[in-house]
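Visitor: Please read through the structure below; I'll follow up with questions.
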Amino acid sequence: MRLSLRFVLPLLLVLAGIAYAVAPLVDKLTLGWFIRDIEIRSTLISSTIQEPLQEQLLAGRKAKTKDFFNRIAENERLYAVGYCADPTGAVLASRSFPAEISCANLYRWEGAANHLLPSALGPLHVSIKPMTSEITATGRLIVVHDMSFVTRRSEETKRYLFYVFMALGAVVSLITVIIAQLSWRGWMAGMRSLLRGEGILRKPEQEEKQQPPSPPGFKPIARDLQRLIHELESETRARDESQVTWTPEALRTILRGELSGEDVIVVSNREPYSHQRRGERIEVQRPASGLVTALEPIMRACSGTWIAHGSGSADHDVVDKNDCVAVPPDKPAYQLRRVWLTAEEEAGYYYGFANEGLWPLCHIAHVRPTFRSSDWAQYVAVNRKFAKAVVSESKTKDPIVLVQDYHLALLPQMIREELPNATIITFWHIPWPNPESFAICPWREEVLAGLLGSSILGFHTQFHCNNFVDTVDRFLEARVDRESFNVSFGGKSTAVRRYPISIAWPPDAEMMQKPVPECRSNIRQINDLPQEHKIGIGVDRLDYTKGIVERFRAIERLLELNPDWIGRFTFIQIAAPTRSGIDEYQHHEVQVRAMAARINARFGRQGPPPIVLKVEHHEPQEVYEYFRAADLCFVSSLHDGMNLVAKEFVGARDDERGVLILSEFTGAARELPEALIVNPYDSDQCAAALHLALTMSANEQRDRMRLMRGLVAEFNVFRWAGRMLLDAAAMRRRSRLNDKPGTSNL
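Sequential numbering of the sequence shown, starting at 823, is according to my numbering.
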């Protein structure tokens, strides 16, 4: 009943408004009709009385003429009659003749319009008709009609019009409500059918045996309804996850519950532990890697196997006959399986196709990618070698395999060929370019097909997911569902998902043990800077994608625009050497060193240098000390998947001080809007951001840092890893349920 009223009442109100809006138009139209009728009537009266009037005028009987006019004016609606022999004479008229009309002003009513004369009784219509006689050729008969009846009829018309529209609205509403009530049960039955999944996603032979599908009218909305249900499930899962405090212990507990007894294998180029020979003894090193930090808690929780390239100088000496070693060394929790590569394989697979081809292809840093068929051959061979290692280490026919990054793009499909029931999660840690850029790769179809061997393919941002789906749609004969972001290729479905990576939270206590004042004092003392000197920090590999050259240009522009900072501000750039065997990296290092020297020569003659460049490896504890000592951190990547340095700086600032300047071309910029977001190619904008950071009040720094630390704490690396594994667990449960006898028809 309420639903009916909600429909009927607005309809009636709208129709009432239309009726009132239409009424003036009807008045105008009917008034025109009445005036035409009165003009015709006036002409008829003029023709009728012309002859007797002329006789009276010829006889000069004015009294009888007035009596004649009085008798005529007694007619209904005829108000008065008059006669003018000439414009200068007096009007010979009936008793009720209006005083406003005289022989001298008849011209006012002789035109095509302006025939109405206002009066106390209502409007009067004045009609002037020529009346020639033997006495005068300029005689005019004046016929005045009473128009008050028009006003009365207009009011009646408005009422009738309103009643008609109301009746029409009532009839339309009644018919609509009756039809809706009759159709409601059918609609509800159809919706229940859709919610139960009847008639949707069912094979033809099953449809014949089971109950009939939902009505045809519902088929266009079936996909939308399923997508809505999927989104609601995702929101519910997100709310459930938000109630979990994501720590290593929480991750282990959840994975033991969800993946208890599962065969979990991680595959990456970089190993979590390496053994290096130092003289007669062997040291265990843990590479500083966000990937290792993210995945090691998973392996410790699941007691699985990690497969990686053995690159340490003593790696061969510590493995068993199966090339495995138990790690961590102090408390073994999982197996590390090492894959051995020859110098030629490493040169072609790692330095060649991966880092001279795919790396610049995926990063918009204006470095031309280099593709060689010999590098491609080594890339295929090494991926095949990793695939054989996965098959040999798999304890079941359906392991969970986590494939990491662009070095192993072909591996998912190779594993799928050997282990069809495996659940393969591939995470692409770098950006994915648009289809036009990826078209450069000569083996684009092979790379895409390799990645689509995955069950789940993860990227840092939704933008990279979109680019990947667009690329597949452009170059492969695959079915792309842009609503659910699933790609069907070769009879298998791949879910393309966004999993933004992060850092461990809370940060290691060992990294945070030095108080901030002590860090500030130590760093300034180490670098020969005054204690009140302002410093900025940049921590990157010496890679052309990190925007170090653009960063130095911004510092130079700051000192040009704000000379007061000369001698009062120094930027410390920690640049870890990387891929020094590649020509482009060698040229980049020369360029960075030359630019730092030129800027220092220009602005550092009379005091501390504007730039301190440290091209050397720093341990994580040293890096965190610099983070805690700095007044600002500048991340100017030209293109980056996420950039964990930005999040590490935020994690290091438990004093809630410091300012983060962040390139808009990083994935982190989408998560940390409280940073000063800049275009690294715009030197003036970056210089302005540096000046703003150096002059920002402590209160504003605290407000910005609190918001960023809250986000990093909630969306930490353990949540990133846990989400992928939980999605894999849910996918496996659905797959096993569908494989059970008797469930395929449900």
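All C-beta atoms in this analysis are idealised placements derived from N, C-alpha and C, irrespective of residue type, glycine included.
Quantities reported herein were computed from a predicted structural model and do not represent experimental measurements.
Have a look at M988, F1260 and P940 and flag the residue whose alpha-carbon is nearest the alpha-carbon of V966.
Guide: The shortest C-alpha separation from V966 is found at P940.
Visitor: Output needed for M1553: all residues of its chain with C-beta closer than 8 Å, excluding positions within five of it in sequence on either side, in chain order.
Guide: Counting only Cβ-Cβ distances below 8 Å, and skipping sequence neighbours, we find T1245, S1277, I1278 and A1317.
Visitor: Taking all protein chains shown into account, decide if Q1428 is buried (16 or more other Cβ within 10 angstroms of its Cβ) or exposed.
Guide: Result: exposed.
Visitor: Taking DSSP as the reference, what is the three-state secondary structure of C1263?
Guide: Looking at C1263 - three-state DSSP - the assignment turns out to be coil, as it is neither helix nor strand.
Visitor: Just the C-alpha distance for W1265 and I1129, rounded to the nearest angstrom, thanks.
Guide: W1265 and I1129: Cα-Cα distance of roughly 26 Å.
Visitor: Between the Cα of L1117 and those of P1253, D859, A1468 and F1249, spot the shortest distance and give me the residue it belongs to.
Guide: Closest by alpha carbon: F1249.
Visitor: Leaving aside the five residues before and after F1208 along the sequence, list all residues of the same chain whose C-beta is less than 7 Å from its C-beta, in chain order.
Guide: These residues qualify, in order along the chain: V1089, I1129, V1161, L1230 and L1233.
Visitor: Can you give me the Cβ contacts of V836 inside the same chain, cut-off strictly under 6 Å, excluding the 5 residues immediately before and after it?
Guide: Cβ within range, chain order: n/a, list empty.
Visitor: Excluding five sequence neighbours on each side, which residues of the same chain lie with their C-beta closer than 8 Å to the C-beta of E1027?
Guide: Caution is warranted here: a pLDDT of 39 is assigned to E1027, below 50, making its placement in the model unreliable, and the coordinate value is therefore given only provisionally. Nothing listed; no residue qualifies.
Visitor: On the CB-based measure, 16 or more other CB atoms within 10 Å of its CB, does T910 come out buried or exposed?
Guide: Answer is exposed; the Cβ neighbour count stays below 16.
Visitor: Which value, in whole angstroms, describes the spacing of the CA atoms of R1024 and E1240?
Guide: For R1024, the predicted model reports a pLDDT of 41, less than 50, meaning its position is unreliable; a value from the coordinates is still stated below. Distance between the alpha carbons of R1024 and E1240: 29 Å.
Visitor: When you compare only the Cα positions, how much space is there between T1283 and H1185?
Guide: Distance between the alpha carbons of T1283 and H1185: 14 Å.
Visitor: My guess is that L875 and Y905 are in contact by the Cβ rule of under 8 Å, so how many angstroms apart are they, rounded?
Guide: L875 to Y905, Cβ: 7 Å. Contact.
Visitor: Within the same chain, show all residues whose beta-carbon is closer than 7 Å to that of A1535, passing over the 5 residues directly before and after it, in chain order.
Guide: Result list for A1535: W1327, in chain order.
Visitor: Say whether chain C places a C-beta atom closer than 8 Å to the C-beta of E1493.
Guide: You won't find chain C in this structure, because it holds only one protein chain.
Visitor: With respect to the alpha helix (DSSP H) encompassing T1400, which residues constitute its N-terminal and C-terminal limits?
Guide: Run containing T1400: none; DSSP gives neither H nor E here.
Visitor: Tell me W1128's beta-bridge partners as DSSP assigns them.
Guide: V1088 and L1158.
Visitor: Could you tell me the alpha carbon to alpha carbon distance between I840 and A992, rounded to whole angstroms?
Guide: Distance between the alpha carbons of I840 and A992 is about 15 Å.
Visitor: One question on the structure: do D1462 and G1489 come within less than 8 Å of each other, judged by their Cβ atoms?
Guide: Yes, the Cβ-Cβ distance between D1462 and G1489 is below 8 Å.
Visitor: When the Cα of I871 is compared with those of V903, L847, D849 and A1398, which residue comes out closest?
Guide: Out of V903, L847, D849 and A1398, V903 has the C-alpha closest to the C-alpha of I871.
Visitor: Since A1317 is in the beta strand (DSSP E), which residue starts that stretch and which ends it?
Guide: Start and end: K1314 to R1320.
Visitor: What alpha helix (DSSP H) runs, 4 residues minimum, are completely inside the segment 1478 to 1550?
Guide: Whole alpha helix (DSSP H) segments, 4+ residues: 1505 to 1517 and 1520 to 1536.
Visitor: For G1272, does the count of other Cβ atoms within 10 angstroms reach 16, so buried, or fall short, so exposed?
Guide: The residue in question, G1272, is buried, as its Cβ has 16 or more Cβ neighbours within 10 Å.
Visitor: May I ask you to report which of helix, strand or coil DSSP gives D1303?
Guide: Correct three-state label for D1303: strand.
Visitor: Going by the DSSP bridge assignment, what does V1149 pair with across the sheet?
Guide: Partner(s): Y1156.
Visitor: Report all residues from its chain with a CB closer than 6 Å to the CB of H1410; omit the five preceding and five following residues, and keep chain order.
Guide: Y1366, listed in sequence order.
Visitor: Alpha carbon to alpha carbon, how far is E1378 from V1149?
Guide: One C-alpha to the other measures close to 47 Å.
Visitor: I'd like to know if the segment 1428 to 1442 and the segment 1334 to 1342 are in contact, where contact means that at least 3 CB-CB pairs between them fall below 8 Å.
Guide: Output reads no: the segment 1334 to 1342 does not touch the segment 1428 to 1442.
Visitor: Which whole-angstrom value describes the C-beta separation of G1418 and R1363, a residue pair presumed to lie in contact below a C-beta threshold of 8 Å?
Guide: Residue identity differs from the one stated: residue 1418 is Ala in this sequence, not Gly. Actually they are not in contact, since the Cβ atoms of A1418 and R1363 sit about 16 Å apart, beyond 8 Å.
Visitor: Mind checking who D968 pairs with in its DSSP beta bridge?
Guide: According to DSSP, which records beta bridges pairwise, D968 is partnered with L946.
Visitor: For F1307 versus A1300, is the C-beta distance shorter than 8 Å?
Guide: No.
Visitor: Grab the span of the alpha helix (DSSP H) containing S1196 for me, first residue to last.
Guide: Looking at the DSSP string, the run of the alpha helix (DSSP H) that includes S1196 is S1195 to E1215.
Visitor: Bridge partners of G1280, per DSSP?
Guide: Per DSSP, F1249 and R1319.
Visitor: If we count the other Cβ atoms within 10 Å of its Cβ and call it buried at 16 or more, is N897 buried or exposed?
Guide: So N897 ends up on the exposed side.
Visitor: Thinking just about the alpha-carbon of each residue, which of E978, L1547, C1455 and L1224 is nearest to the one in V848?
Guide: Nearest of E978, L1547, C1455 and L1224 to V848, Cα basis: E978.
Visitor: Just to check, is the beta-carbon of M1417 closer than 7 Å to a non-hydrogen atom of the ligand ATP?
Guide: What this structure holds is no ligand at all, so the ligand ATP is not there to describe.
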